[in-house]
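J.: Have a look at this one before I ask anything.
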Amino acid sequence: MEEHRDDIGSRMGMWIFIFTEILLFGGLFLVYAIFRAKYSAEFHSAAYELNTFLGAFNTVILLISSMTVAMSITAVQKGDKKLALILLGITILMALTFLVNKYFEWGHKVHMGIYPGSDLLKQFEQGELMFFGLYYFMTGLHVFHIIVGMIILLVVMYKVNSGTINADKFVLLENGGLYWHLVDLIWIFLFPLLYLIT
Amino acid sequence: MENESKQLNYLEDTQGRKGIWAWILSTDHKRIGILYLISIAVFFVVGGLLGGLMRAELIAPGETIMDPQTYNGIFTVHGIIMIFLVVIPGLGAVFGNFFLPIMIGAKDVMFPKLNLFSWWIYIVGAVLAICSQFAGDGAPDTGWTFYAPYSTESGTNVIFAVFAAFVLGFSSILTGLNFIVTIHRMRAPGMSWFRMPLFPWSLYATAWIQVLATPIVGITLLMIVAERLFQIGFFDPNLGGDPILYQHLFWIYSHPAVYIMILPAMGVITEIIPTFCKKAVFGYKAIALSSLAIAGVGYFVWGHHMYTSGMSGTARWFFSFLTFIVAIPSAIKVFNWVSTMYKGSIDVRTPFLYALSFIFLFMIGGLTGLVLGSLASDVHVHDTAFVVAHFHYIIFGGMGFAFFAGIHYWYPKMFGIMYNEGKANIAWMIIFVGFNVLYFPLFVIGMQGMPRRYFDYLPEFQTGHVISSIGALILLVGIFMMIWNLFRARKNGTIAEANPWGGVTLEWQLQSPPTLYNFDEIPTITGDPYNYK
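Structure (C-alpha cells):
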C-alpha cells in the first residue's frame, strides 16, 4: 500500500503532543503559584541568588535559535538545502551554548553549597528551600527538553541532508520546529518566574 | 462488499515477517490490538489471583495466610496492576485499536508506528511494575494512590512503581493522541461527526482525557521521585511542602482517569444493545454528547476524594455539586439504552447478557457513588469497605463486564471463529453471581465500619468477609471458565460467518477476520450508523 500522507494530520498530532507538554509544565507552574503565594517574601529573597545576566543571556540565545529554526523551514520551502542545514546547525549550536551556560550556573550554585539536600540549604528558611527545589526541578526538566529537542533537530538535519525532507515534504521539519518553539516558550515563562521576582 | 473468494486475512498476512516478529514489529492496528489483548489478559489474571489472595487472608480475623506487610504489598500490587496495566489501557487499547479504524472506514490509525511504539512503552512500563515487586527493598506498600508523605518515606521500592506508572501514562497519552487525530482526519467520505458510530465517539471523549489529564499525574509522580532522591520537599511539611497538595495533584488526573476506564465501556455497550435489539439506538446525539459532557465535567470533581482531608467548606460543597452534575450524563446513557430496548426485537445472546448485567451493576455502582459524593454521608463511609465495593462495581462491574461483553461480541470478527455460546452463557451466570456475592457484602460491612486496606478486623465483620470470600472463589471459577471457553474455540470452534449478530456498523460488512487493510475500497457513508430496516 502506498504510504498514507496527511500533513494536516501530522501537524495536528504534534500540536496535541505540545498540549500535553504544556500541561506537564502546567502542573509545575501550579505548584509554583501555590508556594509563591505561601512564601512570597522568601521567594523574593532567594531569587537574589540567581544570576539574572546569565538568565537573560540564555533567553536571548533561545529566542535567536527559535528564529533560525523558523528560517530553516522557509529555506527548505525555497529548496535551499545548504542554507537550511546551516540554519539548523546554528540552532543546535545555540542550544549547546544554553546548556554550557546552565552548566556554569548550576556548577556555581553547587559550589556554594546551594543544592537540594545540602547542609547549607538546611539552615535556610523553608520558603527559600522550596524556591531552590523548584528552581532545580523546573530548570532541570527544561534542560531535559532542550536535550530532546536537540536530538530531534539532529534527526531532522540528517533528513534534510538526505533529501527525505524537501520542498514538497517538510512537515517533519515543521513539527521539529514546533517542538523547539515549545522549549523556547517554556523558558520564556521560567525566566521571569525564577530570575525576575527580586 | 465481501468478495465471493476470501482474501488473505490479517492473521495469515504476516507481511514477510516470521514467528513472533510478525506480531511485535507489526504496525497493523489489528495485530497491535491483539498484542494488547494478550498482555492485558495476562495481567488481569495475575491481578485477579492477587485479589483472591487478599480475600483468602480476610476470611478470618488475625493472620490467616500472610503477615501484614505482605498484605500491604499485595493490595498495592493488585491496585497498580489492575489500574495502570488493565483498566486504563483496557478497552481503548484492545477494541479501540482493533475496531476504531474499521468503524470509521479507515485502513489504519493515523500514526501506525507510534501505535506500535505505545505498545512497546506499555511493555516497558509493565516490566518496571513487575521489577518494583522484586528488586530492592520489597514490594511497595503505599496503595496504588502513592499518597504522600508515606510514599516519600516508605522503605519499600516505591520509585520503581511510581516510574512504571509514569511510563504507562506516556503510553496512554500516545494512544489518545493517535485516536484523536485518526478520528479527525480519517473518517470515510460522508461520515460526518453525527454519522460516526458511538464507540468511536466514546473513544474520542476518552482520548481527550488521556491527553489532557495524564501529564498532571506524570509531573506529580516525578515530584515524588524528586522528593525521594533529592530531598526536594514538595509534599513534606518539614521542608516547607504540603501533603494535601499531593492529593490534589493526584486526583486531578486520577479522577478523570476513572472516565478513561468507563467511557469506552459505555461505548461498547452502546454498540451491543442496538445490534441485539435490531433497532436504531435511542437518542443518538444525547449519547454522543453526554460522552463529551462526562469528559468535560469529570475534570472538575476530583475534590470529592478529599472531603475528609482538609478543604474549605466552599470547596467541598462545590465539588459535591459538580459530582451530582456529572451523574446526569451517565444517567442519560442508561435511559437511552433502556429506551433502545423498548419495543425492540430482542435476541438474548451472550454479549447481550453481559451488556444487561453491565447496566445493572453500573447502576448500583453509580448510585452508591452519589452516597460518596454527598458531603455528610461520605464522612461516614470514607475509607471503608463501602468505597471498595463502590469502585469495584463501577470498574469491574462496569469496565470489566463491558470488556467481557466486547470480547464475546467481536470475537467472531477478530478471529473468524465462533465460541461455544452455551458454555459462554453458563460462565456469564457464574461470573455475575460470583461478582455480586463478592462485592455486595462489602457495602454492608463498610456501612457498619469495616475500614478498607486493613489486614485484620473485629469479629462482627466476619460473616460479611466469609460470604465475600466465597464470592471471590465463584468469580474466579467463572472467569477461568470464560477464558477457557474462548481459548478452546481456537480448536473446536465453528467458522464464524461475517455477520453473526446482524450488526449494521462497518465492521460487520467485512469478511471475518478482516484483511490486512480492512477495506479494498474505502466505503462512502450515506446514512446513520444504526440503520435497521
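Chains V and L, in that order, are what the protein sequence lines are.
Just so you know, we're using our numbering here: the first sequence kicks off at 1 and counts up by one.
Just so you know, we're using our numbering here: the second sequence kicks off at 1001 and counts up by one.
Ideal Cβ placement from N, Cα and C applies to all residues, glycine included.
Just so you know, these numbers come straight off a predicted model, no measurement behind them.
Tell me whether Ile1495/L sits in a helix, a strand or coil according to DSSP, three-state version.
T.: Counting from 1 along the second sequence, the entry for residue 1495/L is found at position 495. Three-state DSSP puts Ile1495/L in a strand.
J.: For Pro1500/L, collect the residues of the same chain with a Cβ closer than 6 Å to its Cβ; drop the 5 residues on either side in sequence, then sort them by chain order.
T.: Locating residue 1500/L in the second sequence gives position 500, where the first residue counts as 1. Only Pro1412 meet the Cβ criterion.
J.: At 4 residues or longer, what runs of the alpha helix (DSSP H) sit wholly inside the region 1050-1113 of chain L?
T.: Listed in chain order, they are 1068-1080 and 1097-1103.
J.: Looking at chain V, which residues of the region 1355-1367 of chain L have a Cβ within less than 8 Å of any of its Cβ atoms?
T.: Result list empty, no residue passes.
J.: Under the rule that 16 or more other beta-carbon atoms within 10 Å means buried, what is Glu1012/L, buried or exposed?
T.: Here residue 1012/L refers to the residue found at position 12 when the second sequence is read from its first residue. By the 10 Å Cβ count, Glu1012/L comes out exposed.
J.: Listed in chain order, which residues of the region 20-46 of chain V have Cβ atoms closer than 9 Å to some Cβ of chain L?
T.: Residues passing the 9 Å Cβ filter: Thr20, Glu21, Ile22, Leu23, Leu24, Phe25, Gly26, Gly27, Leu28, Leu30, Val31, Ile34, Phe35, Lys38, Tyr39 and Glu42.
J.: How is the alpha helix (DSSP H) around Ile114/V delimited, first residue to last?
T.: For the purposes of this step, residue 114/V is taken as residue 114 along the first sequence, with counting starting at 1. Here Ile114/V belongs to no alpha helix (DSSP H), and DSSP marks it neither H nor E.
J.: Is there a Cβ of chain L sitting closer than 8 Å to that of Gly55/V, yes or no?
T.: Walking along the first sequence from the start, residue 55/V turns up at place 55. Not closer than 8 Å to any Cβ of chain L, the Cβ of Gly55/V fails to qualify, so no.
J.: Short of 6 Å in beta carbon distance, which residues of its chain neighbour Tyr1409/L, apart from the five on each side in sequence? Order them along the chain.
T.: The residue you call residue 1409/L lines up with position 409 of the second sequence. Cβ neighbours of Tyr1409/L beyond the five flanking positions: Ile1272 and Pro1351.
J.: What did DSSP end up calling Phe1417/L once you bin it into helix, strand or coil?
T.: To locate residue 1417/L, count along the second sequence from 1; it is residue 417. Sequence inspection shows Ile at residue 1417/L; the Phe mentioned does not correspond to that position. Looking at Ile1417/L - three-state DSSP - the assignment turns out to be strand.
J.: Roughly how many whole angstroms lie between the Cα atoms of Thr59/V and Ile147/V?
T.: Within the first sequence, residue 59/V is the residue found at index 59, counting from 1. Within the first sequence, residue 147/V is the residue found at index 147, counting from 1. Roughly 16 Å between the two C-alpha positions.
J.: Please tell me whether Leu1050/L and Val1077/L are closer than 8 Å, where the distance is taken between their beta carbons.
T.: For the purposes of this step, residue 1050/L is identified with residue 50 of the second sequence, where counting begins at 1. For the purposes of this step, residue 1077/L is identified with residue 77 of the second sequence, where counting begins at 1. Taking 8 Å as the Cβ cut-off, Leu1050/L and Val1077/L qualify as a contacting pair.
J.: Excluding the 5 residues flanking Glu1004/L on each side, which residues of the same chain have their C-beta closer than 8 Å to its C-beta?
T.: For this step, residue 1004/L is matched to residue 4 along the second sequence. Note that Glu1004/L has pLDDT 48, beneath the 50 cutoff, so the model's placement of it is unreliable and the number below is only indicative. Excluding sequence neighbours, Glu1004/L sits near nothing in its chain.
J.: Alpha carbon to alpha carbon, how far is Leu141/V from Leu24/V?
T.: Working through the first sequence from its first residue, we reach residue 141/V at position 141. Working through the first sequence from its first residue, we reach residue 24/V at position 24. Near 10 Å, if we compare the C-alpha coordinates of Leu24/V and Leu141/V.
J.: Are the CB atoms of Gly127/V and Gly1218/L nearer to each other than 8 Å?
T.: The residue given as residue 127/V occupies position 127 in the first sequence. The residue given as residue 1218/L occupies position 218 in the second sequence. Not closer than 8 Å, so no.
J.: Determine the extent of the alpha helix (DSSP H) in which Trp187/V is found, giving its start and end residues.
T.: Counted from its first residue, the first sequence places residue 187/V at position 187. Here the alpha helix (DSSP H) through Trp187/V covers Val171 to Tyr195.
J.: Using a C-beta cutoff of 8 Å, does Met138/V count as contacting chain L?
T.: Sequence index remark: in the first sequence, residue 138/V carries index 138 (1-based). Chain L, which has no Cβ nearer than 8 Å to the Cβ of Met138/V, makes this no.
J.: At the 8 Å Cβ level, is Met150/V part of the contact set with chain L, yes or no?
T.: Indexing the first sequence from 1 puts residue 150/V at position 150. Chain L contact via Cβ: absent.
J.: For Arg1031/L, return the contacting residues in chain V, with the cut-off set at a CB-CB distance below 9 Å.
T.: Locating residue 1031/L in the second sequence gives position 31, where the first residue counts as 1. The contacting residues do not exist; Arg1031/L stays about 15 Å from chain V at best.
J.: Taking Cβ to Cβ, would you say Gly1502/L is nearer than 8 Å to Thr1275/L?
T.: Taking the first residue of the second sequence as position 1, residue 1502/L is located at position 502. Taking the first residue of the second sequence as position 1, residue 1275/L is located at position 275. Yes, the pair counts as a contact, with Cβ atoms nearer than the cut-off.
J.: Are Val1087/L and Met1341/L closer than 8 Å when you measure CB to CB?
T.: By 1-based counting over the second sequence, the position of residue 1087/L is 87. By 1-based counting over the second sequence, the position of residue 1341/L is 341. Contact: no.
J.: Compare the C-beta of Pro116/V with all C-beta atoms of chain L and state if any pair is closer than 8 Å.
T.: As a first step, residue 116/V is located in the first sequence; it is residue number 116 there, counting from the start. Chain L, which has a Cβ nearer than 8 Å to the Cβ of Pro116/V, makes this yes.
J.: Give a yes or no on contact between the region 87-101 of chain V and the region 62-72 of chain V, applying the rule of three or more CB pairs nearer than 8 Å.
T.: The region 87-101 of chain V vs the region 62-72 of chain V: in contact.
J.: Using the three-state DSSP reduction, which class does Thr1384/L fall into: helix, strand or coil?
T.: By 1-based counting over the second sequence, the position of residue 1384/L is 384. Thr1384/L falls in the strand class under three-state DSSP.
J.: Using a Cβ-Cβ distance under 8 Å, would Ile8/V count as near chain L?
T.: To locate residue 8/V, count along the first sequence from 1; it is residue 8. It does; some Cβ of chain L falls within 8 Å.
J.: Using a Cβ-Cβ cut-off of less than 8 Å, list which residues of the region 1216-1235 of chain L approach chain V; keep chain order.
T.: Within the region 1216-1235 of chain L, the qualifying residues are Ile1216, Gly1218, Ile1219, Thr1220, Leu1222, Met1223, Ala1226, Phe1230, Gln1231, Ile1232, Gly1233 and Phe1234.
J.: Taking one C-beta from the region 1209-1227 of chain L and one from the region 1161-1175 of chain L each time, how about it: are there three or more such pairs within less than 8 Å?
T.: Yes, the region 1209-1227 of chain L touches the region 1161-1175 of chain L.
J.: So which residues on chain V does Leu1245/L lean against when the C-beta distance must stay under 8 Å?
T.: The sequence position of residue 1245/L within the second sequence is 245, counting from 1. Those are Val31 and Ile34, listed as they occur along chain V.
J.: Run down chain V in chain order and give the residues with a C-beta less than 8 Å from the C-beta of Gln1066/L.
T.: Counting from 1 along the second sequence, the entry for residue 1066/L is found at position 66. First, the residue type needs correcting, since residue 1066/L is Met and not Gln in the sequence shown. Under the 8 Å cutoff, chain V gives no residues; its nearest Cβ is about 36 Å from Met1066/L.
J.: Taking Phe17/V as the query, report the chain L residues whose CB atoms sit under 9 Å from its CB, ordered along the chain.
T.: As a working note, residue 17/V is residue 17 in the first sequence. Here the neighbours are Ile1173, Leu1174, Leu1177 and Val1211.
J.: Just to confirm the assignment: which complete alpha helix (DSSP H) runs, minimum length 4, are found wholly within the region 1456-1507 of chain L?
T.: Counting whole runs of 4 or more residues, the region 1456-1507 of chain L contains the alpha helix (DSSP H) stretches 1462-1492.
J.: Express the C-alpha separation of Met1399/L and Ala46/V in angstroms, rounding to a whole number.
T.: For this step, residue 46/V is matched to residue 46 along the first sequence. For this step, residue 1399/L is matched to residue 399 along the second sequence. Approximately 50 Å, taken between the alpha carbons.
J.: Can you tell me where the alpha helix (DSSP H) holding Val1258/L begins and where it ends?
T.: Counting from one through the second sequence, the residue named residue 1258/L turns up at place 258. Per DSSP, Val1258/L belongs to the alpha helix (DSSP H) from Pro1243 to Cys1277.
J.: Report the neighbours of Leu129/V on chain L: residues whose CB is nearer than 8 Å to its CB, in chain order.
T.: For this step, residue 129/V is matched to residue 129 along the first sequence. Gly1233, Leu1239 and Gly1240, listed in chain order.
J.: Which residues in the same chain as Met1223/L place their Cβ atom closer than 6 Å to its Cβ, once the five residues preceding and following it in sequence are excluded?
T.: Indexing the second sequence from 1 puts residue 1223/L at position 223. Hits under 6 Å: Phe1234.
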